[in-house]
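One structure below.
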Amino acid sequence: MSDFKSSSEKIHTKHGILFISGIIALAALIAALYYRKQFPASPLQKLSVLDPPHIEESLINEYDTFNILTCLRYINGTWFLVDCYHDRILYSDSLEAAPKDWKVMTREIKHGHTIDSDGEVFLADDTENNRVLVFKKGGEGFELTGVFNDIGILPHFVVYDENSGRFYVLSSMTGELYVFKNENGEVSHERTERIKELNDCYVRSFTIIGDEVYFVSGNKNIIRARLKDLKVLERFPVSDEIAGMVQLEKLGDYYYITVSTDSSFNQDYATFIRTKDLKTLSENGYEVVYNKFEEGGTPYFIGRSDSHFYLTEHRLPDHQLWQFDIKDNEIVNVISLH
Numbered sequence: 000m001s002d003f004k005s006s007s008e009k010i011h012t013k014h015g016i017l018f019i020s021g022i023i024a025l026a027a028l029i030a031a032l033y034y035r036k037q038f039p040a041s042p043l044q045k046l047s048v049l050d051p052p053h054i055e056e057s058l059i060n061e062y063d064t065f066n067i068l069t070c071l072r073y074i075n076g077t078w079f080l081v082d083c084y085h086d087r088i089l090y091s092d093s094l095e096a097a098p099k100d101w102k103v104m105t106r107e108i109k110h111g112h113t114i115d116s117d118g119e120v121f122l123a124d125d126t127e128n129n130r131v132l133v134f135k136k137g138g139e140g141f142e143l144t145g146v147f148n149d150i151g152i153l154p155h156f157v158v159y160d161e162n163s164g165r166f167y168v169l170s171s172m173t174g175e176l177y178v179f180k181n182e183n184g185e186v187s188h189e190r191t192e193r194i195k196e197l198n199d200c201y202v203r204s205f206t207i208i209g210d211e212v213y214f215v216s217g218n219k220n221i222i223r224a225r226l227k228d229l230k231v232l233e234r235f236p237v238s239d240e241i242a243g244m245v246q247l248e249k250l251g252d253y254y255y256i257t258v259s260t261d262s263s264f265n266q267d268y269a270t271f272i273r274t275k276d277l278k279t280l281s282e283n284g285y286e287v288v289y290n291k292f293e294e295g296g297t298p299y300f301i302g303r304s305d306s307h308f309y310l311t312e313h314r315l316p317d318h319q320l321w322q323f324d325i326k327d328n329e330i331v332n333v334i335s336l337h
C-alpha cells in the first residue's frame, strides 16, 4: 500500500508540475499578446513626396510679435526660430531682427516644436499632426519636399547627430525614437527604437552625448540609454518638484536642466537648474540658476551657436528669447533678445 501511495504521489506531483508549467506558458502567451497590442511593432514610414514641392506663397511674416518660441537653431549662417503658437518656422540672417522682419520657412505645421539639419536637408516636427516634415533650400526660400505621417503621438523633438549621421525624432507620448537617414538628399525612415516604460509619459526631449542618450524626466526619472538600441543603462530618480523637465544639456562641468512643471503639471514650479551629479536630483541636490534670467515664466529649450548659448522662455511676452555665456562654470552676459 505504501508503495502504491508513493507512486500516486509521484504521478500527482508530475501532473501538478505540468499543470503549473502550462499555466505559466499560457500567462506568458497572454502577456506577449498584450505587449504586442500595447506596443505594436512600428512599421517603417515611407516618405510622401510632394511633387511639386510646397513653397510658401509669401515669405513675409504677418505677425509683429512672437507667440511661444520653442526652438532656436543656427545652421549654415542662418537663424531658425519655431514660433509654436503662430504655427510657423521662421528664418533670418539677423538674430536681433524684429518679428516682422523674419521670413517664413513654412506655415504647414500645427504647434511644431523643433527643427534641425545636416546641412543639406531640414527635418521639423509637426507636433499636433503627428508628422515630420522634410525641407530643402530652394528658390527664394525653402521647399517642403516630403512628409512622414504617423510618427507616434505628438512628436516633439528633432536632433541631427553628426557622429551617427542620423536624425532622431522623439514621439513624446509613446517612448519611441524614430531614426531617419539622408542619402544624397533622399530621406528615409531607418528604424524605430522604444523604451516601453515611457509609454503614456510626457517626455519633452532627449540629449545625445557620445553613443548614449538621456531622456528627461517624464516618469520621475532621467533615463540614460544606449543610443543604438535604447537599452536602459541607468535611471536617475528626481523629486516631484522638478519632475516635469523640458531639456537637459551638459555645459562645462554641469548638467543644465529646464523645468516646466512639477509632477502634477503645475507651471508654478517652472525653473532652470544645474547639477554636477544627476544622482543627487532625487534629494533636491541642485542649484537654481533661473535667477540669472527673468523669473516667473517657463524656461524651455536651450540652443547654441559658435559664440553663445540661448534659452527660449514661455509666459513672459517681453522675455521669450535669452542669450547667455558660460565662463568658468558661471552664467554671464545674460541678454534678453526678444
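Just so we're aligned: the sequence shown equals residues 0 to 337 in numbering that gives the first Met the number 0.
Backbone N, C-alpha and C define an ideal beta-carbon position, used for all residues, glycine too.
Everything numeric in this text was worked out from a predicted model, so none of it was measured.
* To do: Let me know the secondary structure DSSP gives Ser1 once reduced to three states.
  => The residue given as residue 1 occupies position 2 in the sequence shown. Low local confidence applies: a pLDDT of 33 at Ser1 is under 50, so the model's placement there is unreliable, with the coordinate-based value given in what follows. DSSP places Ser1 in helix when its eight states are reduced to three.
* **Ordered list of beta strand (DSSP E) runs contained in the region 67-132, each at least 3 residues** => 68-74, 77-82, 87-91, 102-105, 114-116, 120-125, all fully within the region 67-132.
* In angstroms, rounded to a whole number, what distance separates the CA positions of His313 and Gln319? -> In the sequence shown, counting from the first residue as 1, residue 313 sits at position 314. In the sequence shown, counting from the first residue as 1, residue 319 sits at position 320. His313 and Gln319: Cα-Cα distance of roughly 6 Å.
* To do: List the DSSP bridge partners of Asn220.
  => For the purposes of this step, residue 220 is taken as residue 221 along the sequence shown, with counting starting at 1. Asn220 is bridged to Pro236.
* To do: Verify whether the separation of the beta carbon atoms of Leu132 and Leu143 is less than 7 Å.
  => As a position in the sequence shown, residue 132 is number 133, starting the count at 1. As a position in the sequence shown, residue 143 is number 144, starting the count at 1. Note that the C-beta distance between Leu132 and Leu143 is below 7 Å.
* With distances taken from CA atoms, which of Val287, Glu240, Gly164 is nearest Ser281? -> Numbered from 1 along the sequence shown, position 282 holds the residue referred to as residue 281. Measuring from the Cα of Ser281, the nearest candidate turns out to be Glu240.
* Asked: For Leu320, which residues does DSSP report across the bridge?
  -> Translated into positions along the sequence shown, residue 320 becomes position 321. In the DSSP output, where bridge partners are listed per residue, Leu320 has Thr311.
* To do: Would you mind giving the Cβ-Cβ distance between Leu226 and Glu248, rounded to the nearest angstrom? I have them listed as a contact below 8 Å.
  => Here residue 226 refers to the residue found at position 227 when the sequence shown is read from its first residue. Here residue 248 refers to the residue found at position 249 when the sequence shown is read from its first residue. By a beta-carbon distance limit of 8 Å, Leu226 does not contact Glu248. Their separation comes to about 16 Å.
* Asked: Thinking C-beta only, is Tyr90 closer than 7 Å to Thr105?
  -> Taking the sequence shown and counting its residues from 1, one reaches residue 105 at position 106. Taking the sequence shown and counting its residues from 1, one reaches residue 90 at position 91. For Thr105 and Tyr90, no; Cβs fall outside 7 Å.
* **Alpha carbon of Leu176 to alpha carbon of Val237, nearest angstrom** => Here residue 176 refers to the residue found at position 177 when the sequence shown is read from its first residue. Here residue 237 refers to the residue found at position 238 when the sequence shown is read from its first residue. Their backbone Cα atoms lie some 22 Å apart in a straight line.
* To do: Identify which residue in Tyr285, Thr279, Tyr268 has its Cα closest to the Cα of Pro298.
  => As a working note, residue 298 is residue 299 in the sequence shown. Checking every option, the nearest Cα to that of Pro298 belongs to Tyr268.
* In DSSP terms, what Pro154 is bridged to -> Along the sequence shown, read from residue 1 onward, the residue named residue 154 stands at position 155. In the DSSP assignment, the residues bridged to Pro154 are Ser170.
* Asp257 and Phe235 closer than 7 Å at C-beta -> Within the sequence shown, the letter at position 258 stands for residue 257. Within the sequence shown, the letter at position 236 stands for residue 235. Going by the sequence as given, residue 257 is Thr instead of Asp. Note that the C-beta distance between Thr257 and Phe235 is not below 7 Å.
* Whose C-beta lies closer than 6 Å to the C-beta of Phe134 among residues of the same chain, with five residues either side of it excluded? -> Residue numbering aside, residue 134 sits at position 135 when the sequence shown is read from its first letter. Annotation for Phe134: Phe121, Phe141, Leu143 place their beta carbon closer than 6 Å to its own, counting only its chain and skipping 5 residues before and after.
* Nonlocal neighbours in the same chain, by C-beta distance under 6 Å from Glu127, ignoring five residues either side -> The residue you call residue 127 lines up with position 128 of the sequence shown. Correct list, in chain order: Lys109, His110.
* With distances taken Cα to Cα, identify the nearest neighbour of Asp190 among Lys326, His53, Val178, Gly118. => The count along the sequence shown starts at 1 and reaches residue 190 at position 191. Just to set this straight, residue 190 is Arg in the shown sequence, not Asp. Looking from the CA of Arg190, the closest CA among Lys326, His53, Val178, Gly118 belongs to Val178.
* **Alpha carbon of Ala224 to alpha carbon of Val157, nearest angstrom** => Taking the first residue of the sequence shown as 1, we reach residue 224 at position 225. Taking the first residue of the sequence shown as 1, we reach residue 157 at position 158. C-alpha of Ala224 to C-alpha of Val157: approximately 17 Å in a straight line.
* For Arg273, the nearest candidate out of Pro52, Ile325, Asn332 (CA to CA) -> The count along the sequence shown starts at 1 and reaches residue 273 at position 274. Among Pro52, Ile325, Asn332, the Cα nearest to that of Arg273 is on Ile325.
* Asked: Straight-line CA distance for Tyr167 to Val202?
  -> Position 168 of the sequence shown, counted from the start, is the residue given in the question as residue 167. Position 203 of the sequence shown, counted from the start, is the residue given in the question as residue 202. If you take the alpha carbons of Tyr167 and Val202, they lie about 14 Å apart.
* DSSP three-state assignment for Ser306, whether helix, strand or coil -> To locate residue 306, count along the sequence shown from 1; it is residue 307. Here Ser306 sits in coil by DSSP.
* Asked: Going straight from the alpha carbon of Arg303 to that of Tyr73, what length do you get?
  -> As a position in the sequence shown, residue 303 is number 304, starting the count at 1. As a position in the sequence shown, residue 73 is number 74, starting the count at 1. Straight-line Cα distance between these residues: approximately 7 Å.
* Got a sec? Which residues, its chain only, sit under 6 Å from Ser204 by beta carbon, not counting five neighbours each side? -> On the sequence shown, position 205 is the one that residue 204 refers to. These residues qualify, in order along the chain: Phe156, Val215, Gln246.
* To do: Determine the direct distance from the alpha carbon of Val331 to that of Gly251, and round the result to whole angstroms.
  => One-based indexing of the sequence shown puts residue 251 at position 252. One-based indexing of the sequence shown puts residue 331 at position 332. C-alpha of Gly251 to C-alpha of Val331: approximately 14 Å in a straight line.
* Asked: Out of curiosity, what's the CA-to-CA distance linking Asn162 and Ile114?
  -> As a working mapping, residue 162 is identified with position 163 in the sequence shown. As a working mapping, residue 114 is identified with position 115 in the sequence shown. If I take the Cα positions, the gap works out to 18 Å.
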